[in-house]
Amino acid sequence: MNNVLLRLRNISVKFDDETILDDVSLEICDKEFVTLLGPSGCGKTTTLRIIGGFVSPDKGEVWFENGLLNDVPAHKRPVNTIFQKYALFPNLNVYENVAFGLRVKKTPESEIKKTVHDMLSMVNLLGFERRDISTLSGGQQQRVAIARALAVKPRLLLLDEPLGALDLKLRKDMQVELKNIQKRLGITFIYVTHDQEEALSMSDRVVVMNNGVIQQIGTPEDIYNEPENAFVADFIGESNIVDGVMLEDYKAQFSGHTFECLDKGYAPKEQVDVVVRPEDVDIVPVEQGMLKGTVTSVTFKGVHFEIIVDIGGFKWMVQTTDYQPVGANIGLFIEPDAIHIMKKSEYSGMYGDYSSFSEDFDKLSDAEEGSDNA
2 MNNVLLRLRN
12 ISVKFDDETI
22 LDDVSLEICD
32 KEFVTLLGPS
42 GCGKTTTLRI
52 IGGFVSPDKG
62 EVWFENGLLN
72 DVPAHKRPVN
82 TIFQKYALFP
92 NLNVYENVAF
102 GLRVKKTPES
112 EIKKTVHDML
122 SMVNLLGFER
132 RDISTLSGGQ
142 QQRVAIARAL
152 AVKPRLLLLD
162 EPLGALDLKL
172 RKDMQVELKN
182 IQKRLGITFI
192 YVTHDQEEAL
202 SMSDRVVVMN
212 NGVIQQIGTP
222 EDIYNEPENA
232 FVADFIGESN
242 IVDGVMLEDY
252 KAQFSGHTFE
262 CLDKGYAPKE
272 QVDVVVRPED
282 VDIVPVEQGM
292 LKGTVTSVTF
302 KGVHFEIIVD
312 IGGFKWMVQT
322 TDYQPVGANI
332 GLFIEPDAIH
342 IMKKSEYSGM
352 YGDYSSFSED
362 FDKLSDAEEG
372 SDNA
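What follows is the structure, given as structure tokens:
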């Protein structure tokens, strides 16, 4: 990996005898957009706070380029942070909020004026200089927070769920905006979110975390297409995850059928987890199906139908544009490149069966009329 900017080495943290981070090591490159992704309580925000200097690790080291940061206070680190609650100064107008860090650094007034102008131009807030913070919308306040953080030219920007308070459309707009700003300025961004779609759409690399441990690091494409365990497969999008056996290289057996696949290097007859994404399953007539099942639930999602199919008591999800009624007997066809084999892990058997989804969650979906819970 070239131009490593930040290194975390064997970071561990406990709060009240509860392990929050367990021997976490991570390298982040200069000019990279890296997202820490995981459920609430997985350790992602604590990781960010350790980098920012707000939390001290019980064990391990934080290196920035060739300097050890462990004993460097937060205000002396080449880092700035944007929080979900933007922490703007309500008694200062937009201009003074953006100028605040520059004034602390005793920057000449002429340079402050130019920098504030440039920052507000970048976040499309020119003309808002004299506005009170209280008169701004959530999206506008978020832009002020970004401008203020970037005005001091940090080498590294930490973003802790900064879009969490925005509505869905504005959040999606700001995802694009943030990614464009990061590319334009060439600043390294470390972004924390629990939103999988946000992580996949914005990041150069994604760090998936759970229970204080890094589960997988990779590009969005790698994380989605080649998950390393059942937790990652389930957390990054919908997944059918079934028990299987690798009979030999390129040949897997699951759900009562033997399939050609693209995986190799497993022991003969090794027990494995098999992942098939719902969009990669084709519905065919029963007599042409590799697997056969009965439709137990159908939900219209706008661009496709989400169909739950009972195959021998295990409920599969299929996403398709071909409508199938509840009660229909159908065949499923799966191409070799749609099958992904994973080694057994502590998460095996915990995810990937849509039994509860089909019986309970669809009732909620009907009641909510497709409201978004991302």
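One point on numbering: in our numbering, the residue at position 186 of the sequence shown is 187, and numbering is uninterrupted.
The C-beta atom is built at its ideal place from N, Cα and C for all residues, glycine as well.
On a predicted model such as this, the values are computed, not experimentally measured, just so you know.
Determine the direct distance from the alpha carbon of residue j to that of residue i, and round the result to whole angstroms.
i, j, result
"valine 310", "alanine 200", "29 Å"
"asparagine 92", "valine 145", "14 Å"
"leucine 283", "arginine 10", "Residue identity differs from the one stated: residue 283 is aspartate in this sequence, not leucine. Whole-angstrom Cα-Cα distance: 45 Å."
"isoleucine 215", "arginine 132", "43 Å"
"glycine 102", "glycine 139", "22 Å"
"alanine 268", "glutamine 254", "14 Å"
"proline 79", "leucine 7", "11 Å"
"tyrosine 348", "threonine 194", "22 Å"
"valine 304", "tyrosine 324", "12 Å"
"glycine 353", "asparagine 71", "41 Å"
"valine 273", "glycine 245", "5 Å"
"glycine 213", "glycine 350", "21 Å"
"alanine 88", "lysine 302", "38 Å"
"isoleucine 331", "proline 286", "6 Å"
"alanine 231", "asparagine 241", "10 Å"
"valine 39", "lysine 252", "First, the residue type needs correcting, since residue 39 is glycine and not valine in the sequence shown. Cα to Cα, glycine 39 sits roughly 32 Å from lysine 252."
"proline 337", "lysine 184", "37 Å"
"lysine 77", "phenylalanine 16", "25 Å"
"proline 326", "glutamate 307", "11 Å"
"arginine 104", "valine 276", "54 Å"
"glycine 128", "leucine 137", "13 Å"
Going by C-alpha distance, which of the options is nearest residue i?
i, options, result
"glycine 165", "Met175, Gln216, Leu158", "Met175"
"glutamate 249", "Asn241, Phe260, Ile242, Val243", "Phe260"
"serine 380", "Met120, Glu162, Ile113", "What is shown of the chain runs 2 to 375, which leaves residue 380 out entirely."
"histidine 258", "Glu62, Cys43, Met291, Leu167", "Met291"
"lysine 107", "Lys345, Val153, Ser138, Phe90", "Val153"
"glycine 328", "Phe334, Leu37, Asp168, Lys293", "Lys293"
"isoleucine 147", "Gln272, Lys86, Asp205, Asp338", "Lys86"
"valine 173", "Arg156, Met203, Arg185, Ala150", "Just to set this straight, residue 173 is lysine in the shown sequence, not valine. Answer by Cα proximity: Met203."
"methionine 247", "Leu171, Gly128, Asp264", "Asp264"
"alanine 150", "Leu121, Leu167, Tyr251", "Leu121"
"arginine 278", "Lys270, Gln289, Val243", "Val243"
"leucine 159", "Asn226, Thr47, Ile218, Asp17", "Thr47"
"isoleucine 380", "Glu28, Ile218, Gly266, Asp119", "No answer is possible for residue 380: it lies beyond the span of the chain, which begins at 2 and ends at 375."
"glutamate 288", "Phe334, Lys270, Ile224", "Phe334"
"glutamate 66", "Asp18, Asn4, Phe55, Val105", "Asn4"
"lysine 45", "Met123, Ser346, Glu33, Val14", "Val14"
"tryptophan 64", "Glu33, Leu27, Val99", "Leu27"
"glycine 219", "Asp18, Ile12, Val35, Asp31", "Val35"
Quick one: what does DSSP say residue i is sitting in, helix, strand or coil?
i, result
"phenylalanine 16", "strand"
"serine 356", "helix"
"lysine 115", "helix"
"asparagine 211", "strand"
"glutamate 280", "helix"
"phenylalanine 306", "strand"
"glycine 53", "helix"
"methionine 203", "helix"
"aspartate 23", "strand"
"tyrosine 225", "helix"
"lysine 45", "helix"
"arginine 8", "strand"
"aspartate 338", "helix"
"isoleucine 188", "coil"
"leucine 167", "coil"
"glutamate 62", "strand"
"lysine 377", "A question about residue 377 goes unanswered here, because the residues of the chain that appear run from 2 up to 375."
"glutamate 288", "helix"
"aspartate 174", "helix"
> With contact counted as at least three CB pairs below 8 Å, one residue from each stretch, are the segment 202-216 and the segment 230-244 in contact?
Replying inline: Yes, the segment 202-216 is in contact with the segment 230-244.
>> So, does the segment 123-140 touch the segment 95-104, judging by three or more C-beta pairs under 8 Å?
In response: Taking 8 Å as the limit for Cβ pairs, the verdict is that the segment 95-104 does touch the segment 123-140.
> Hey, is the segment 53-62 in contact with the segment 11-23, meaning 3+ C-beta pairs nearer than 8 Å?
Replying inline: yes
>> Does the structure place the segment 187-205 close enough to the segment 107-119 that three or more beta carbon pairs sit under 8 Å?
In response: no
>> Using a Cβ distance threshold of 8 Å, determine whether the segment 272-286 contacts the segment 316-330, with at least three qualifying pairs required.
In response: yes
>> In chain order, what are the residue ranges of uninterrupted alpha helix (DSSP H) at least 4 long that sit wholly in the segment 66-145?
In response: 95-105, 110-123
> Are the segment 338-350 and the segment 297-312 touching, with three or more C-beta to C-beta distances below 8 Å?
Replying inline: Not touching, per the Cβ criterion.
> What are the uninterrupted segments assigned as alpha helix (DSSP H) that are 4 or more residues long and contained completely in the segment 228-272, given in chain order?
Replying inline: 231-236
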